[in-house]
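Those sequence lines, one after another, are chains A, B, C and D.
First residue of the first sequence? That's 3 in the numbering used here, and the numbers climb one at a time after it.
First residue of the second sequence? That's 3 in the numbering used here, and the numbers climb one at a time after it.
First residue of the third sequence? That's 3 in the numbering used here, and the numbers climb one at a time after it.
First residue of the fourth sequence? That's 3 in the numbering used here, and the numbers climb one at a time after it.
Cβ atoms here follow ideal geometry from the backbone N, Cα and C, with glycine treated the same way.
What follows is a set of notes on a single structure, which appears directly below.
4 protein chains.
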Amino acid sequence: MVRVGVLAGSGYIGGELLRLLLQHPEAEVSFATSRRYAGEYVFRVHPNLRGVTELKFVALDPSKLADSADVVFAALPHGESVKVVPQLVDSGLKVIDLSADFRLGDSSQYPFWYGYEHPRPDLLEKFVLSIPELNRDQVRGARLVASPGCMAITTILALAPLFRTKSLGVDPEHVVVDAKVGSSGSGGKPSLATHFSERFSVVRPYKPAGHRHAAEIEQVLSSIAGTRIKVSMSAHGVNMVRGILSTSHLFASGEFKPVDLWKAYRDAYSGSYFVRIVKDRQGPFRLPDPKLVVGSNFCDVGFETEERTGRIVALGATDNLVKGAAGNAVQSMNLMLGFDEKAGLEMAPLHPV
Amino acid sequence: MVRVGVLAGSGYIGGELLRLLLQHPEAEVSFATSRRYAGEYVFRVHPNLRGVTELKFVALDPSKLADSADVVFAALPHGESVKVVPQLVDSGLKVIDLSADFRLGDSSQYPFWYGYEHPRPDLLEKFVLSIPELNRDQVRGARLVASPGCMAITTILALAPLFRTKSLGVDPEHVVVDAKVGSSGSGGKPSLATHFSERFSVVRPYKPAGHRHAAEIEQVLSSIAGTRIKVSMSAHGVNMVRGILSTSHLFASGEFKPVDLWKAYRDAYSGSYFVRIVKDRQGPFRLPDPKLVVGSNFCDVGFETEERTGRIVALGATDNLVKGAAGNAVQSMNLMLGFDEKAGLEMAPLHPV
Amino acid sequence: MVRVGVLAGSGYIGGELLRLLLQHPEAEVSFATSRRYAGEYVFRVHPNLRGVTELKFVALDPSKLADSADVVFAALPHGESVKVVPQLVDSGLKVIDLSADFRLGDSSQYPFWYGYEHPRPDLLEKFVLSIPELNRDQVRGARLVASPGCMAITTILALAPLFRTKSLGVDPEHVVVDAKVGSSGSGGKPSLATHFSERFSVVRPYKPAGHRHAAEIEQVLSSIAGTRIKVSMSAHGVNMVRGILSTSHLFASGEFKPVDLWKAYRDAYSGSYFVRIVKDRQGPFRLPDPKLVVGSNFCDVGFETEERTGRIVALGATDNLVKGAAGNAVQSMNLMLGFDEKAGLEMAPLHPV
Amino acid sequence: MVRVGVLAGSGYIGGELLRLLLQHPEAEVSFATSRRYAGEYVFRVHPNLRGVTELKFVALDPSKLADSADVVFAALPHGESVKVVPQLVDSGLKVIDLSADFRLGDSSQYPFWYGYEHPRPDLLEKFVLSIPELNRDQVRGARLVASPGCMAITTILALAPLFRTKSLGVDPEHVVVDAKVGSSGSGGKPSLATHFSERFSVVRPYKPAGHRHAAEIEQVLSSIAGTRIKVSMSAHGVNMVRGILSTSHLFASGEFKPVDLWKAYRDAYSGSYFVRIVKDRQGPFRLPDPKLVVGSNFCDVGFETEERTGRIVALGATDNLVKGAAGNAVQSMNLMLGFDEKAGLEMAPLHPV
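Structural data, given as structure tokens:
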């Protein structure tokens with residue numbers, strides 16, 4: 003059994019990490035930290051885990067972590083992680099970071115997107131941005147992993163096959179990503195904007211421009227495409243708790259038929275259990291819908307074409323807390339440690355829910 | 003008092019017409035037709051109207067309509083309206099049609115978008131596509147009016163100021179419209195896709211390409227811009243009953259500042275009570291959100307810019323059954339008959355709801 | 003035009019009062035107070051009212067109120083109202099209080115239910131607890147009115163006909179009231195319990211015993227029944243914003259048939275526009291459902307009997323912000339001032355919504 | 003590996019059985035039947051299972067079942083099961099029936115509650131009504147098991163400790179059960195009543211009297227109490243898909259304190275993993291709430307007392323498709339076959355969801 007620790011275990015992503023790791027067949031949770039809830043039972047903060055664990059939160063003491071865990075999952079906020087993680091790295095631990103602090107390869111991007119100078123640019127090249135379906139081998143050999151943002155991974159998995167396929171002639175300048183996300187993506191802290199009466203039944207364009215996940219998407223897709231991709235991204239909050247639908251609008255100048263797109267997706271994901279290609283002729287769920295991945299590590303992808311406008315619509319759906327965060331992190335751990343990639347992640351989605 | 007009749011009064015749009023017209027200070031409802039519910043009390047089909055009216059549905063008999071009404075609202079399905087409305091036109095009635103059958107000025111568009119040859123192309127030029135905020139004077143003088151599709155009017159009102167303002171240099175080839183709509187937009191007929199357990203909490207890309215409202219949007223915006231606009235539209239069903247948020251992504255090559263966009267919107271809508279410009283610095287509702295127009299005839303519009311990608315995001319929000327259908331039709335009647343444009347439509351939105 | 007003022011206009015009930023009063027044909031709003039938002043536009047706090055009013059909140063200065071209004075609606079919290087309202091009473095104003103501070107006739111009840119000694123027990127007998135459908139004439143002659151709690155009025159209207167009808171033999175000791183309420187009933191203040199991700203899809207038994215509205219229900223029903231009624235009440239939060247369904251379970255020892263219950267309800271409410279008796283044989287809405295009163299001042303009531311257990315189930319549904327609060331207050335004003343009882347309240351419910 | 007078959011695998015309960023059994027460590031699914039979908043992939047009907055199984059539905063042929071399975075789960079409708087199951091019984095199979103056809107021990111109850119004469123009253127005493135937390139040993143030795151109705155098991159588990167504890171003096175004549183249930187409880191067949199626009203945000207008293215699950219509740223509780231219990235039950239549909247909250251109102255004449263109730267619950271469920279006692283002093287989830295059991299086999303129980311009225315409020319919450327149906331059936335199989343009672347059922351609930 004591998005001993006794992008969770009930093010910032012009291013947030014929604016921390017809770018999801020605990021849900022998955024407490025039931026992981028190869029792992030045991032040695033600790034979960036929380037500044038605010040140190041000494042408190044985990045199930046008081048994550049009431050779903052009542053009866054599942056008697057674990058209590060502890061305060062974070064980086065100097066002691068190396069002794070009590072083999073792998074640490076860091077679910078700290080952006081800007082906080084970068085203050086703590088370097089010590090873990092130095093102590094030789096395996097680290098899976100879920101913040102944005104080690105996702106971007108180019109340190110010069112941090113001031114623009116996150117408003118701070120990266121204090122340890124040397125670490126950026128040591129972290130692998132883990133999207134196992136795209137860089138499985140790299141993750142297998144990694145000791146330090148960054149897990150992408152929830153909208154980033156959902157969008158990237160939907161788009162990667164199209165940018166890999168040069169013959170499609172996808173226009174790199176007009177890539178529109180329109181994301182619809184559940185409330186859990188913005189965390190557990192109450193505010194007027196998240197007050198139920200104010201948040202129920204909204205379609206809230208909370209970040210119509212300048213969304214930070216665009217940076218990760220551009221980084222990965224540019225690398226795949228071999229050319230600079232510019233992503234125009236907007237994010238909307240919708241009336242649900244879990245889930246993301248990412249709708250990408252691309253313009254393509256190449257000659258192609260739907261069958262070519264099918265082939266592109268199949269080639270990309272034939273060996274990847276957690277990516278399902280969804281494109282049916284009938285039924286209520288002919289294309290990806292976050293409703294159908296709730297609780298699971300699946301990312302559903304699909305596409306549609308519009309000849310009249312030369313457009314490809316590419317769709318991705320995930321449970322933002324699982325494949326969009328904790329699940330992808332656990333999947334990465336599985337690869338890093340040589341476990342079955344699916345270990346602890348085989349739960350099928352719930353439906354209806 | 004003007005005598006009004008409603009054709010196909012048993013659908014959701016028909017019900018909303020009745021809700022508005024039964025309480026209109028200048029109108030009395032002489033009849034409402036329904037094939038299926040003829041003889042039945044209106045409140046059995048629209049249970050919100052219990053206690054409000056004792057009216058019963060009647061069967062449609064076009065030959066008798068001219069005697070019993072001055073204005074007829076036709077809420078028949080596409081393809082049905084075109085079979086019935088010509089007789090009403092010939093009998094001299096004022097007609098406000100809410101189907102798509104008289105919206106497109108060019109009859110050659112009908113086979114492509116609606117799959118039928120238009121039987122009365124001569125009528126198309128006699129109908130005014132009514133968006134009072136854009137063509138108020140035309141509507142004032144009209145006898146025959148077509149009310150636009152719910153997503154069309156919401157999108158058009160959000161985009162018109164930008165296409166009117168030539169100096170923005172909006173790219174006519176890359177106009178992406180990503181709409182999120184409530185369930186009432188697809189009507190009252192049960193199916194597996196609308197079964198509550200299957201429809202709850204979805205983000206369903208039900209029409210990612212080829213949406214028919216694109217035809218109306220292109221027609222109006224091209225006319226405003228003086229050049230051919232190509233609209234790439236996708237529609238998603240989200241977890242609510244009423245409301246549309248239309249998010250449009252434009253690319254603009256001109257030199258401009260946010261203040262120029264402000265001016266464009268203010269110039270366009272300064273005299274229009276039912277269009278509100280929403281662009282605040284704080285609060286949960288800084289931009290249009292359909293939650294804030296529920297039950298009202300308002301269309302909220304707003305925008306955001308993204309310098310990095312040269313993008314303008316334009317947002318429109320309506321209650322699809324009011325400004326997106328019945329309310330716009332009543333507003334059109336008010337203009338046609340010289341009533342106060344707001345008569346019967348002053349109800350403020352509900353909040354929270 | 004009567005000049006009306008609203009105290010504590012920034013809460014949800016205050017916002018609903020403003021929505022109704024701003025569009026009331028006989029009233030003009032002279033002021034709305036808010037400690038927190040004094041100087042701010044009303045529409046910044048109630049964004050639905052954008053475009054509807056340019057009114058700004060003012061700080062509460064009780065000494066100046068008498069000059070600027072004829073009627074004051076007080077939507078202050080329990081315990082606050084009792085500190086402010088006495089001055090208004092002394093200044094000769096008409097007052098409609100929406101807190102609990104003047105609802106109970108017996109001052110000795112306040113320590114038990116509300117935890118404070120009532121400072122002005124002399125005022126309690128001067129206030130009329132207004133449920134126009136039960137005491138219309140009393141309200142007509144009143145200068146000082148208390149409007150009941152949202153669950154209280156909904157339950158009382160559902161039960162009054164049964165306690166009036168002595169022949170039913172309703173057991174006064176086993177009256178169970180099981181209420182289901184939307185989130186707006188608990189106000190606009192964010193907390194962990196109202197955080198969207200925590201509140202969505204709950205059925206939360208937030209007050210299974212000891213609910214304060216039981217006091218009002220007992221007071222009114224005991225008076226109607228002529229005997230002491232004991233109410234066992236539980237309240238649950240459910241997944242909606244507006245609305246209450248109150249389900250009451252009674253045991254009755256008399257001989258009666260459903261037709262007798264029909265008669266009891268019809269006798270009670272034949273002249274009352276805002277109470278609708280809902281008991282149909284078919285359709286999705288055979289009995290009261292809060293969905294069908296959204297935005298309106300209706301209270302729907304209905305019943306079912308169960309011979310096997312000797313039980314009568316009585317149901318009431320309201321929009322908690324309208325008939326459950328602001329609407330009932332405006333209706334009371336209409337009676338006090340001799341206006342049409344329905345003035346400003348005729349808006350039909352929205353459906354679907 | 004035990005070979006299991008599922009009859010009527012295309013409904014929601016059938017789908018949930020498949021979700022659980024396909025991932026059960028000791029079982030393999032040999033077949034799933036569906037009249038309507040025979041020949042179709044399971045994942046076309048249960049789209050959550052896409053990628054999880056390549057199984058196809060087969061037509062039901064009772065004569066062949068004995069060869070291909072060791073245990074059969076029958077999720078047929080009431081009245082249908084009784085036509086099919088007797089053959090399975092005769093062929094020696096282990097049977098777990100999820101319909102009501104073998105739940106009631108007294109055949110004379112069927113005409114009253116289900117409207118048919120039971121054709122095989124001899125079988126009723128051979129079936130064990132399985133609630134493992136109450137009759138674990140009986141289930142262990144059983145070959146034929148009936149799993150209770152979703153509202154029945156939820157209510158029974160909440161009430162059993164109180165009826166076991168004679169000193170409480172619970173009044174057997176005034177037991178009110180007020181249940182709130184998600185839409186999945188009424189199955190997958192579309193109708194006007196389940197049409198999303200009509201069903202969203204309801205609190206629908208769809209069965210205020212005469213609910214059939216009362217029969218099961220009375221049977222079990224009377225047996226526990228040793229006296230005839232009469233249950234007054236009402237069921238309401240609320241705005242969610244999964245989950246039940248059962249609120250029971252009891253009147254108790256004994257002398258007792260809260261600590262006595264705590265003891266009653268602890269004594270009853272100390273060895274039962276799947277029943278959690280929830281009664282906290284703080285936090286949003288101080289008492290059972292179906293939101294906290296979604297996807298899991300937990301039944302949360304809790305209570306509150308009201309001295310003033312002599313009332314005990316007992317609460318139970320389950321995921322109606324898991325502990326309310328498929329999960330309890332799988333738990334029963336585990337016991338029947340000597341597996342770990344939790345096998346295949348350890349998934350923790352999701353939160354937030």
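Residues near residue i in its chain [Cβ-Cβ closer than 8 Å; skip 5 each side]
i, result
"V355 (chain B)", "K293, V296 and G297"
"G245 (chain C)", "V183, G184, P292, K293, V295, V296, A319, T320, D321 and N322"
"H353 (chain A)", "K293, L294 and V296"
Contacts around residue i, its chain only, beta-carbon distance under 6 Å, and the 5 residues preceding and following it disregarded
i, result
"P210 (chain A)", "S236"
"A216 (chain A)", "V233 and M235"
"E175 (chain A)", "K232"
Proximal chain D residues relative to residue i, where beta-carbon distance stays under 8 Å
i, result
"V243 (chain B)", "F198, S199, F202 and S203"
"K36 (chain A)", "At residue 36 (chain A) the sequence reads Ser, which differs from the Lys that was named. None at all; the shortest Cβ gap to chain D is about 15 Å."
Amino acids of chain B, ordered along the chain, whose beta-carbon sits closer than 7 Å to that of residue i
i, result
"M373 (chain C)", "With chain C covering only 3 through 355, there is no way to say anything about residue 373 (chain C)."
"R364 (chain A)", "Nothing about residue 364 (chain A) can be read from this structure; chain A reaches only from 3 to 355."
Contacting residues, own chain, Cβ-Cβ under 7 Å from residue i (five flanking each side not counted)
i, result
"T249 (chain D)", "D180, V315 and L317"
"I15 (chain B)", "A77, L100, L323, A327 and A328"
"E18 (chain C)", "L323, V324, A327 and A328"
"A227 (chain D)", "F165 and P174"
Under 8 Å from the C-beta of residue i: neighbouring residues of chain A
i, result
"P192 (chain C)", "P192, S193, L194, T196 and H197"
"V285 (chain D)", "Looking at the sequence shown, residue 285 (chain D) is not Val but Gly. Within 8 Å Cβ-Cβ: R46 and P49."
Closer than 7 Å at the beta carbon, the chain D residues around residue i
i, result
"S272 (chain B)", "Within chain D, no residue comes near S272 (chain B); the closest Cβ sits about 36 Å away, beyond 7 Å."
"E306 (chain C)", "P210 and A211"
Three-state class that DSSP yields for residue i in the structure shown
i, result
"G94 (chain A)", "coil"
"V277 (chain B)", "strand"
"A217 (chain B)", "helix"
"L289 (chain D)", "coil"
"P113 (chain A)", "helix"
"F59 (chain B)", "coil"
"M349 (chain D)", "coil"
"L100 (chain D)", "coil"
"L294 (chain B)", "helix"
"G239 (chain A)", "strand"
"Q180 (chain A)", "Per the sequence shown, the amino acid found at residue 180 (chain A) is Asp instead of Gln. Of the three classes helix, strand and coil, the one that applies to D180 (chain A) here is strand, per DSSP."
Contact set between residue i and chain B, taken where Cβ atoms lie within less than 9 Å
i, result
"R166 (chain C)", "The contacting residues do not exist; R166 (chain C) stays about 22 Å from chain B at best."
Under 9 Å from the C-beta of residue i: neighbouring residues of chain C
i, result
"Q333 (chain B)", "Within 9 Å Cβ-Cβ: nothing; Q333 (chain B) doesn't reach chain C, min ~15 Å."
Rounded C-alpha distance that separates residue i from residue j
i, j, result
"L51 (chain B)", "W264 (chain C)", "21 Å"
"S32 (chain D)", "K58 (chain A)", "43 Å"
"V337 (chain B)", "L289 (chain D)", "Looking at the sequence provided, one finds Leu at residue 337 (chain B) rather than Val. Computed Cα separation, rounded: 57 Å."
Where residue i meets chain F, residues with beta-carbon distance less than 7 Å
i, result
"D291 (chain A)", "No chain F appears in the structure shown, which is made up of the protein chains A, B, C and D."
> For the region 151–164 of chain A against the region 261–279 of chain A, are there 3 or more C-beta pairs whose distance is under 8 Å?
Replying inline: yes
>> For the pair the region 85–104 of chain B and the region 64–72 of chain B, tell me if three or more CB-CB distances fall below 8 Å.
In response: yes
>> Would the region 106–117 of chain D count as touching the region 201–209 of chain D if we require 3 or more Cβ pairs under 8 Å?
In response: no
> Three or more beta-carbon pairs under 8 Å between the region 28–46 of chain A and the region 331–348 of chain A, yes or no?
Replying inline: yes
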